[in-house]
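Visitor: Pasting a structure here, questions to come.
Number of protein chains: 2
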Amino acid sequence: MSGRILVTGGAGCIGSELAGKLVARGECVTVLDNLSSGKREHIEELLGAPGFRFVEGDLLDRGAVDEAVAGVNLVYHLAANPDVKFIPGDPTDRDLKQNMIGTYVLLESMRLHGLRRLAFASTSAVYGISQVLPIPESAPLRPISLYGATKAGCEAMISAYHHLFAMDCWIFRFANIVGARVRARGKTVISDFIEKLRLDPSRLEILGDGNQAKSYLLASECVDAMLHATAAAPTGLHVFNLGCTDGLSVRRIADLVALRMGVAGVEYRFTGGEGGWPGDVPRFVLDTRAINDLGWKAGRTSEQAVRHAIEAILST
Amino acid sequence: MSGRILVTGGAGCIGSELAGKLVARGECVTVLDNLSSGKREHIEELLGAPGFRFVEGDLLDRGAVDEAVAGVNLVYHLAANPDVKFIPGDPTDRDLKQNMIGTYVLLESMRLHGLRRLAFASTSAVYGISQVLPIPESAPLRPISLYGATKAGCEAMISAYHHLFAMDCWIFRFANIVGARVRARGKTVISDFIEKLRLDPSRLEILGDGNQAKSYLLASECVDAMLHATAAAPTGLHVFNLGCTDGLSVRRIADLVALRMGVAGVEYRFTGGEGGWPGDVPRFVLDTRAINDLGWKAGRTSEQAVRHAIEAILST
Chain A
42 MSGRILVTGG AGCIGSELAG KLVARGECVT VLDNLSSGKR EHIEELLGAP
92 GFRFVEGDLL DRGAVDEAVA GVNLVYHLAA NPDVKFIPGD PTDRDLKQNM
142 IGTYVLLESM RLHGLRRLAF ASTSAVYGIS QVLPIPESAP LRPISLYGAT
192 KAGCEAMISA YHHLFAMDCW IFRFANIVGA RVRARGKTVI SDFIEKLRLD
242 PSRLEILGDG NQAKSYLLAS ECVDAMLHAT AAAPTGLHVF NLGCTDGLSV
292 RRIADLVALR MGVAGVEYRF TGGEGGWPGD VPRFVLDTRA INDLGWKAGR
342 TSEQAVRHAI EAILST
Chain B
42 MSGRILVTGG AGCIGSELAG KLVARGECVT VLDNLSSGKR EHIEELLGAP
92 GFRFVEGDLL DRGAVDEAVA GVNLVYHLAA NPDVKFIPGD PTDRDLKQNM
142 IGTYVLLESM RLHGLRRLAF ASTSAVYGIS QVLPIPESAP LRPISLYGAT
192 KAGCEAMISA YHHLFAMDCW IFRFANIVGA RVRARGKTVI SDFIEKLRLD
242 PSRLEILGDG NQAKSYLLAS ECVDAMLHAT AAAPTGLHVF NLGCTDGLSV
292 RRIADLVALR MGVAGVEYRF TGGEGGWPGD VPRFVLDTRA INDLGWKAGR
342 TSEQAVRHAI EAILST
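Keeping their order, the protein sequence lines are chains A and B.
Each residue of the first sequence is one higher than the one before, starting from 42 at the first, in my numbering.
Each residue of the second sequence is one higher than the one before, starting from 42 at the first, in my numbering.
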């Protein structure tokens, strides 16, 4: 892979890891980010790198997208509303706009610029509550969140663009991604627990019944998998689950956070219910044989990934 | 089923059949249609029926949608861009707006009006070129048209609304629907052939290689299937293929049209290629066991349905 590469959402937790690795490889990298949840500090050290370019702008601003896309020959599209949670009272068009319409604007700009290679950050939330575990990529998509629904819509649109406009596309369905970099908004379970225990180390409110069990993957490993797949399967339309095959319970994450923070005797208070919030998929593990067969495998279990992320967040 | 029923796209080929049957059953029916491809003449005879209401308006006009939704307790959502074809040079946002965003506006209006029952006209185009034939509802969705992609996006959004807002939803993936009523725009293969042979009975241009083979279903049977399913499976989220299990080739349809029009020795000219146009799925038959198990089965084969439609179009 060589040439100029665009990373949308490149100031986010995963996007900035990706942009950093690409710059370290000597690639010319453009980052497009509106800094709504990404942070300038995540790309601060890249700003002076040769060939690095930062376009502060929104996917819904066609002018900004055109500016970012010009001269590029591969796009890693990670910009999106990062928060799966829908809290009653939230607007219901946030994901439609930032995921679905934003992705359409990008696809359209790519098409008109003759840019034919797109790697897309999708999500395991597209599956909803699967009847089959671990979930293979061929499972039906029955999303239960607006986030998952619009990501599924993006996937469908990308499938059509692949066919109609001869684009090579990679769709990556992420497990829960954790890492050192915490988002400006849209808390993950780890940063939520750390924040709460800092305020009051005697007790911890845990969303749901604590038995939710999901696959976790480090942002740095997620980035390695995307780089691997785009190089190893260079043409066509590909869909890959990215994660590890074991699940980790939310209660266990609480234990790990409390242990690392050195607080003992924390009283857990569960909000109750199977899922943590409306649209939460309480239990999932991904079948990752497709990406494994391509030569990539997660180096850490879910628990190892979460331990690593806790350590990284608390030591910065 | 009783109460007030809304049919979006109710002046279209399928929608007006549905509205007519509901009125004949004594239901109070509202039709919402922007008459972009539906025709006023399709609902002319319904306008005086007791409880019938016509709202001329667009799905993207929230005021019109709110007006149509008020007082309703079941929606059959058929309004959409009706044309699967994408011709290079066409706008690429037509399906995004009229299918995806229009469906979102409707879902949102329903949610805010406390309306919890939605039957949705989807399409077999969501599957794209399936590896498995006949195609079961559980097959992966890899649409190759913008039409199919945005219908898949609508399905995903409906799945999320079902879960988040306790809606009962029926998703119907239609085979190719044929019938007496011809659209104001967006030709079907039958009306295309009839038009061409009327202009010049000596030759007929056929898109593709003529070997495309698809499932056809009469609009009236499609309507019966929807009415059956919404009554027989009253709650939950359901996905049904609607069609018959045999396929019919485009070349055979040309023969049937020429035969019925009494023109002999027509020279067929094929534009070539597997599909008729970019985004055309050249061959498909649907696995209809789910709707069969619910007690409904198409009464006609594809050829019988097409013969019936040819007869109906030519005799009006």
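Think of the CB as a built atom: it goes at the ideal place given N, C-alpha and C, for glycine as much as any other residue.
Keep in mind it's a predicted model, so treat the numbers as computed, not measured.
1) Taking the C-alpha atoms as reference points, what is the distance between H349 (chain A) and G56 (chain A)?
2) Which whole runs of the beta strand (DSSP E) in the region 246-301 of chain A are 3 residues long or more, in chain order?
3) So, with DSSP's three-state summary, where would you put E97 (chain B)?
4) Give the residues from the region 164-187 of chain B that approach chain A closer than 7 angstroms (Cβ to any Cβ), ordered along the chain.
5) Find the nearest neighbour of S165 (chain A) within the set A:G79, A:S232, A:K255 and A:G251, judged by alpha-carbon distance.
6) Where T342 (chain B) and A207 (chain A) are concerned, what is the direct C-alpha to C-alpha distance, given to the nearest angstrom?
7) Give the C-beta separation of L327 (chain B) and T271 (chain B) to the nearest angstrom, bearing in mind that I take them to be a contact with Cβ-Cβ under 8 angstroms.
8) Report the option in A:A65, A:T71 and A:E58 whose CA atom is closest to the CA atom of I46 (chain A).
9) Beta carbons nearer than 9 angstroms to chain B: which residues of the region 271-288 of chain A have them?
10) On the three-state DSSP scale, how would you describe I185 (chain B)?
11) Please classify A305 (chain A) as buried or exposed, where buried requires at least 16 neighbouring CB atoms within 10 angstroms.
12) Which residues, in order along the region 319-339 of chain B, keep a beta-carbon less than 7 angstroms from a beta-carbon of chain A?
13) Quick one: Cα of A353 (chain A) to Cα of M302 (chain A), how far?
14) Can you tell me whether L327 (chain A) is helix, strand or coil according to DSSP?
15) Just to confirm, is the Cβ distance from F161 (chain B) to H118 (chain B) under 9 angstroms?
16) How do the region 185-193 of chain B and the region 139-147 of chain B stand: do at least 3 beta-carbon pairs fall below 8 angstroms, yes or no?
17) Our contact map puts L100 (chain B) next to L147 (chain B) with C-beta atoms below 8 angstroms; I'd like the distance itself, whole angstroms only.
18) If we define contact as Cβ-Cβ less than 9 angstroms, is F200 (chain B) a contact residue for chain A?
19) Buried or exposed: N217 (chain A), going by 16 or more other Cβ atoms within 10 Å of its Cβ?
20) In terms of residues, what are the limits of the beta strand (DSSP E) holding E108 (chain A)?
21) How would you list, in chain order, the residues of chain A whose beta-carbon sits under 7 angstroms from the beta-carbon of L137 (chain B)?
22) According to DSSP, simplified to helix, strand and coil, what is Y145 (chain B)?
23) Determine the direct distance from the alpha carbon of N252 (chain B) to that of G346 (chain B), and round the result to whole angstroms.
24) Would you mind sorting D334 (chain A) into buried or exposed? The rule is 16 or more other CB atoms within 10 Å of its CB.
25) Any beta carbon from chain B within less than 9 angstroms of R239 (chain A)'s own beta carbon?
26) Going by beta carbon distance, what residues of the same chain come within less than 7 angstroms of P184 (chain B), once the five residues before and after it are set aside?
27) Can you give me the C-alpha to C-alpha distance between L88 (chain A) and A65 (chain A), rounded to a whole angstrom?
28) Quick one: using the 10 Å Cβ neighbour count with 16 as the cut-off for buried, is V173 (chain A) buried or exposed?
29) Could you please give the first and the last residue of the uninterrupted alpha helix (DSSP H) stretch that includes D124 (chain B)?
30) Taking 9 angstroms as the CB-CB cut-off, is E149 (chain B) touching chain A?
31) Compute the Euclidean distance between the alpha carbons of L115 (chain B) and G50 (chain B), then round it to the nearest angstrom.
32) Look at the alpha carbon of W337 (chain A) and the alpha carbon of A260 (chain A), and state the distance between them as a whole number of angstroms.
33) Within the 9 angstroms Cβ cut-off, does M42 (chain A) reach chain B?
34) Would the beta-carbon of L137 (chain A) fall within 9 angstroms of that of Y145 (chain B)?
35) Tell me which residues of the region 99-113 of chain B have at least one Cβ-Cβ distance to chain A shorter than 8 angstroms, keeping chain order.
36) Using a beta-carbon distance below 9 angstroms, is F127 (chain B) in contact with chain A?
Guide: Reading from the atomic positions:
1) 19 angstroms
2) 257-259 and 278-283
3) Note: E97 (chain B) maps to strand in three-state DSSP.
4) G169, S179, P181, L182, R183, P184, I185, S186 and L187
5) Nearest C-alpha to S165 (chain A): A:K255.
6) 36 angstroms
7) Not confirmed; about 19 angstroms, so no contact.
8) A:T71
9) L278 and V280
10) coil
11) Counting Cβ neighbours within 10 Å, A305 (chain A) comes out exposed, since fewer than 16 surround it.
12) Identification of residues in the region 319-339 of chain B having a C-beta nearer than 7 angstroms to some C-beta of chain A yields P319 and G320, given in sequence order.
13) Here the alpha carbon of A353 (chain A) sits roughly 12 angstroms from the alpha carbon of M302 (chain A).
14) The answer is strand: DSSP assigns L327 (chain A) an E or B state.
15) yes
16) yes
17) Taking a contact as a CB-CB distance under 8 angstroms, the pair L100 (chain B) and L147 (chain B) counts as one, their CB atoms being some 6 angstroms apart.
18) Checking the sequence shown, residue 200 (chain B) turns out to be Ser, not Phe. Closer than 9 angstroms: yes.
19) buried
20) Premise fails: E108 (chain A) lies in the alpha helix (DSSP H), R103 to V110, not in any beta strand (DSSP E).
21) Y145
22) In the structure shown, Y145 (chain B) sits in a helix (DSSP, three-state: H, G or I).
23) Before going further, note that residue 346 (chain B) is Ala rather than Gly in the sequence given. For A346 (chain B) and N252 (chain B), the distance between alpha carbons rounds to 18 angstroms.
24) exposed
25) no
26) A166, V167, G169, A190 and A193
27) 13 angstroms
28) exposed
29) That residue, D124 (chain B), is in no alpha helix (DSSP H); it is neither H nor E in DSSP.
30) yes
31) 14 angstroms
32) 15 angstroms
33) Unreliable placement is indicated for M42 (chain A), whose pLDDT of 39 sits below 50; the coordinate value is still reported in the next sentence. It does not: the Cβ of M42 (chain A) has no partner Cβ on chain B nearer than 9 angstroms.
34) yes
35) none
36) yes
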